[in-house]
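K.L.:
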Amino acid sequence: MSTEQDNSGTTPEQGRTLEVGGLWWLWLLVIVAMLAMLIRILLPVAQQGLGSDPSQVLSLADYGYDTANQVPDSGVLTPSGLKRDQIRALSAPPVVAGSEVPAINKKERRLYHRKFIVSGDRVVGVSLNGEERAYQINILNYHEIVNDELGGVPIAIVYSPLCDAATVFRSDVNGNTLEFGSSGLLINSNIVMYDRQDDPSQSSLWSQLQLRAVAGPLAGTELQLVPSALTHWGDWVAAHPQTTLMARETGEPRDYNTNPYLRYFEMGELRFPVEPLPPADGMALMDRVIAIRAGDSWDVYTFDDVKVKAGEAGVFGWQGMQFSYIPYSNTLDPPGVVVTDGAGNYLDSISTFWFAWYAMHPDSAISSLGD
0 MSTEQDNSGT
10 TPEQGRTLEV
20 GGLWWLWLLV
30 IVAMLAMLIR
40 ILLPVAQQGL
50 GSDPSQVLSL
60 ADYGYDTANQ
70 VPDSGVLTPS
80 GLKRDQIRAL
90 SAPPVVAGSE
100 VPAINKKERR
110 LYHRKFIVSG
120 DRVVGVSLNG
130 EERAYQINIL
140 NYHEIVNDEL
150 GGVPIAIVYS
160 PLCDAATVFR
170 SDVNGNTLEF
180 GSSGLLINSN
190 IVMYDRQDDP
200 SQSSLWSQLQ
210 LRAVAGPLAG
220 TELQLVPSAL
230 THWGDWVAAH
240 PQTTLMARET
250 GEPRDYNTNP
260 YLRYFEMGEL
270 RFPVEPLPPA
280 DGMALMDRVI
290 AIRAGDSWDV
300 YTFDDVKVKA
310 GEAGVFGWQG
320 MQFSYIPYSN
330 TLDPPGVVVT
340 DGAGNYLDSI
350 STFWFAWYAM
360 HPDSAISSLG
370 D
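The sequence shown: position 186 = 185 (numbering that gives the first Met the number 0), numbered continuously.
1. Between which two residues does the beta strand (DSSP E) harbouring A133 extend?
2. Between which two residues does the beta strand (DSSP E) carrying R195 extend?
3. May I ask which residues mark the beginning and end of the beta strand (DSSP E) holding F264?
4. Whole angstroms are fine: how far does the CA of K106 sit from the CA of P272?
5. Any chance you could list the beta strand (DSSP E) runs of at least 3 consecutive residues sitting entirely within the region 188-258, in chain order?
6. Grab me the residues of G313's own chain with a C-beta within less than 8 Å of its C-beta, minus the 5 sequence neighbours each way, in chain order.
7. Can you check which of these residues, S188, L139 and T220, is closest to P92 by C-alpha distance?
8. What residues are listed by DSSP as bridge partners for V167?
9. Let me know the secondary structure DSSP gives P78 once reduced to three states.
10. Report the rounded CA-to-CA distance for E251 versus S79, giving the unit in angstroms.
11. With 16 other CB atoms within 10 Å as the buried threshold, where does R113 fall?
12. I need the DSSP call for F354, collapsed to helix, strand or coil.
13. Roughly how many angstroms separate the alpha carbons of V123 and S350, rounded to a whole number?
14. Could you tell me which uninterrupted alpha helix (DSSP H) segments, each at least 4 residues in length, are contained entirely in the region 310-351, listed from first to last along the chain?
15. Grouping DSSP H, G and I as helix and E and B as strand, with all else coil, what is N140?
16. Would you tell me roughly how many angstroms separate the C-alpha atoms of E178 and P199, rounded to the nearest one?
17. Assign V172 to one of two classes, buried (16 or more other C-beta atoms within 10 Å of its C-beta) or exposed (fewer than that).
18. Report all residues from its chain with a CB closer than 6 Å to the CB of M320; omit the five preceding and five following residues, and keep chain order.
19. Starting from I103, trace the beta strand (DSSP E) in both directions and tell me its first and last residue.
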């Protein structure tokens, strides 16, 4: 009995073996791509310490701060699982003009298949003494604090991703310009900064949402809030065409287009102790609110209420204030609320999650915008 063979002298089995073997490099590329994607997703989370149990990593004493004079009722200082300055604050970061963004986007899209910034990306906008600047949340996600100078005034831009709170403070305190860093500690899941001193035990600890030092030589000293807007880049640059913004070149090889807190926002579950929590039969813990300074107190309004009152126009006036509601962007960045006075000046306000504001200001109640 004869056996058929093609003219090449290769049996079908040999041909199939050669075909699969010749594609080994393709399978290798697929595996490498999958690993790169997995690292891209998990590395930012690991770097930010979101999955760690801080009680098993570091104790309060390990940080070396003097907390003997901690302000009463200022909350429990909780280790985040990260060491001091493990989240690196930026100081005097390079900036670019807002007018340069289209050219930068075109270049980055051609070289890296991404854009530097798009209209729906969130920024902290500041206007001070005729100078305007935007600080991108996608960069603040990884650095949390920016020490800068704007309009001749030293300022600190502070973003706490765990409670989605962005604030701007003057950093000249009692005649000295302070440089702030990440302490590695939290109070009620909110960032605690420290001022850098040669001897860490001489540093003071500062609570963002309490707007004051809670321990150390400056305990009880209040921070001066600088009015700002947590908004989207497109809205900010339209209102402030002469603005500058932080450049991507921060000295770290970060993929700032990846948000390590996206899953945290979606899940709505707290990662660290918070006390007290708001009533369980009220708003959800991560409902967004905006607190507006009213003399020595704060009026607190829900984003949902502002959205309803703003309607399709997106703006409405009430009691001498103008509220602007910025909806979810096409990049799925969260909405924003910006409040100005009759002259268009930004008011002292802080937007954050309800649980965070309530924990720091438990006497707060939600105010109604009225009819």
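Virtual Cβ for every residue (Gly too), placed ideally from N, Cα, C. Since the model is a prediction, treat every value here as computed from it, not as a measurement.
P.N.:
Looking at the atomic coordinates:
1. E130 to Q135
2. Looking at the DSSP string, R195 is not in any beta strand (DSSP E), and its letter there is neither H nor E.
3. No beta strand (DSSP E) contains F264, which is instead part of the alpha helix (DSSP H) from L261 to M266.
4. 44 Å
5. 189-194, 204-206, 211-214, 228-231 and 243-245
6. S323, Y324, I325 and P326
7. L139
8. Answer is I156, bridged to V167.
9. Of the three classes helix, strand and coil, the one that applies to P78 here is strand, per DSSP.
10. In a straight line, the C-alpha of E251 is about 22 Å away from that of S79.
11. The residue is exposed, with fewer than 16 neighbouring Cβ atoms inside 10 Å.
12. helix
13. If I take the Cα positions, the gap works out to 11 Å.
14. Within the region 310-351, no complete alpha helix (DSSP H) run reaches 4 residues.
15. helix
16. 13 Å
17. buried
18. So the list reads V338, once near-sequence residues are dropped.
19. Here I103 belongs to no beta strand (DSSP E); instead the alpha helix (DSSP H) covers V100 to Y111.
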